[in-house]
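Trainee: Residue numbers (the numbering used here): 246 to 297.
Submitted below is the structure of interest, expressed as structure tokens.
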Amino acid sequence: LEASPKGYNLLGSFKLAEPSGKASWPHPVIANGRLIIRDQDKIFSYSVKAAQ
């Protein structure tokens, strides 16, 4: 996400690999280069480290 006084520019997005299909509003966590998201009965962890 790029933000400025004029608005924002979405740089990317993705869908969960295997969502439960039930409504869920998780609070995403970023720790040690990983994005962690909880669904109703699963936890997903994605690497979000910058490419080197």
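Just so it is clear, CB atoms sit at the ideal spot from N, CA and C, and this is done for glycine as well.
Give the DSSP-derived three-state secondary structure of Ala296 in the structure shown.
Mentor: For the purposes of this step, residue 296 is taken as the residue at position 51 of the sequence shown. Three-state DSSP puts Ala296 in coil, outside helix and strand.
Trainee: Between Leu280 and Pro273, what straight-line distance do the alpha-carbon atoms span, to the nearest angstrom?
Mentor: The residue labelled residue 280 in the question sits at position 35 within the sequence shown. The residue labelled residue 273 in the question sits at position 28 within the sequence shown. Inter-residue distance for Leu280 and Pro273 is about 7 Å (C-alpha atoms, whole angstroms).
Trainee: Between the Cα of Glu263 and the Cα atoms of Asp286, Ala296, Lys294, Ala295, which residue gives the shortest distance?
Mentor: Taking the sequence shown and counting its residues from 1, the one referred to as residue 263 is at position 18. Comparing Cα positions, the closest option is Asp286.
Trainee: To the nearest angstrom, how far is it from the Cα of Ile275 to the Cα of Asn254?
Mentor: Looking up residue 275 in the sequence shown gives position 30. Looking up residue 254 in the sequence shown gives position 9. Near 21 Å, if we compare the C-alpha coordinates of Asn254 and Ile275.
Trainee: Figure out for me which residue from Gly278, Gly266, Ile282 has the closest Cα to the Cα of Ser292.
Mentor: Counting from 1 along the sequence shown, the entry for residue 292 is found at position 47. Of the listed residues, the one whose Cα sits closest to Ser292 is Gly278.
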